[in-house]
Every structure is written in C-alpha cells, then in structure tokens.
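Presented below is the structure to which this report refers.
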Amino acid sequence: MTYKYEYAGFWLRVGATIIDTLIILLAVIPAAWIFYHGDMDLIFSTGLSDRQSSPWFDAMINYVFPFIYSILFWIFLKGTPGKRLMRLKVLDEQTGHPLTWGQAILRYIGYFPSTLVLFLGFFWIAFDSKKQGWHDKMAKTVVVREL
1 MTYKYEYAGF WLRVGATIID TLIILLAVIP AAWIFYHGDM DLIFSTGLSD RQSSPWFDAM
61 INYVFPFIYS ILFWIFLKGT PGKRLMRLKV LDEQTGHPLT WGQAILRYIG YFPSTLVLFL
121 GFFWIAFDSK KQGWHDKMAK TVVVREL
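Numbering of the sequence shown is given in the numbering used here, commencing with residue 1 and proceeding in unit increments.
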C-alpha cells in the first residue's frame with residue numbers, strides 16, 4: 001500500500017494542538033481536583049487560596065506530564081492524539097520513519113527557543129517550504145498530512 005502525504009500547514013497544526021490541550025486538561029483537572037481537595041483557587045492558580053500550592057505537583061502537571069505525553073505518542077503512534085485525529089504524522093525528515101528517542105526529546109526541547117522570541121519558531125511553519133518550525137529543524141523532523 002502506498003501512502004501519499006503533504007507537509008502539514010500552520011492551521012492544521014494549531015487545530016491539533018488545541019485538541020491535545022483539551023485532552024491533557026481532561027486528565028489534569030481531575031487529578032488536580034483530587035490532589036488539591038477541590039480548592040478551585042489552587043487548581044486554577046488564582047492566588048486567592050489560603051493554602052499553599054505544591055511546587056512538585058505543579059511541575060509534574062505543567063512540565064513532566066506534557067513532556068511524557070508528547071514523546072511517547074510521537075515515538076509509538078507517530079503523533080499525539082490531536083495530530084492523529086487531524087491525520088497528521090511526525091516523521092524523520094530524511095527517511096520518513098518514526099522518530100528516534102533522541103529526535104523526539106530534541107524536538108520537545110526545541111519548543112523552548114521556538115517560544116522565546118514571540119513564538120516566531122511556531123509562526124515559521126506558515127512560511128517555510130517544508131512547513132517546519134524551529135523545533136522541527138532542530139530535530140530534523142517533518143509533520144505531514146495523509147492524503
């Protein structure tokens with residue numbers, strides 16, 4: 001069976017990110033509800049709670065969980081659930097194969113410089129010939145859409 005692909009553009013990838021964000025929230029909010037005993041001010045970090053938030057729990061929810069979510073889905077399913085629902089795949093730029101562990105980790109780390117300069121590394125996708133963001137260029141990956 002032959003597959004046909006095209007590079008996935010900016011708005012398709014934004015849509016996939018929105019879906020992934022909603023999926024992550026569906027997991028995180030109930031976990032925070034349980035951990036913070038229903039204190040909505042702690043759950044949503046309003047600063048109005050009398051209680052202290054837990055830095056380790058917040059770090060797990062905000063940094064560790066999204067890292068693991070992204071890496072594992074990129075490696076084992078060629079994309080996060082949001083990307084797969086949009087019929088997108090994250091692949092090695094040269095071979096078209098699934099990402100290696102090193103590529104997946106480097107791609108995730110690449111989100112930081114992509115974000116630092118007013119998100120220019122993400123907007124780059126809209127103007128690049130291969131629709132690559134800075135994180136894709138760093139890890140030598142492409143995001144493609146199945147036709």
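A virtual CB, placed ideally from N, CA and C, is assigned to each residue, including glycine.
Here ILE29 is exposed: its Cβ has fewer than 16 other Cβ atoms, across all protein chains shown, within 10 Å. Given a length threshold of 3 residues, each whole run of the beta strand (DSSP E) inside the region 36-93 is given here in chain order: 88-92.
In the three-state scheme derived from DSSP, where H, G and I count as helix and E and B as strand, TYR3 is classed as coil. Only exposed fits GLN52, as fewer than 16 other CB atoms lie within 10 angstroms of its CB. A straight line joining the alpha-carbon of MET86 with that of GLY79 spans about 10 Å. Per DSSP, the unbroken beta strand (DSSP E) holding THR141 starts and ends at 141-146. Distance check between GLN94 and each of LYS140, HIS37, ASP58, GLY38 places LYS140 closest, using alpha-carbon atoms only. When secondary structure is reduced to three states using DSSP, ALA8 falls in the coil class, being assigned neither helix nor strand.
For HIS135, the closest of ILE109, PRO98, PHE67 by C-alpha to C-alpha distance is ILE109. Here the alpha carbons of SER129 and ILE34 stand approximately 46 Å from one another.
For LEU91 against VAL14, the beta-carbon gap comes to about 19 Å, at or over 8 Å, which does not count as contact.
About 20 Å separates the beta carbon of ARG107 from that of GLU6, a gap too long to meet the 8 Å contact definition. The criterion of a C-beta distance shorter than 8 Å is not satisfied by ALA31 and ILE68.
Of the residues assessed, LEU120 falls on the exposed side of the cut-off, its CB having fewer than 16 other CB atoms within 10 angstroms.
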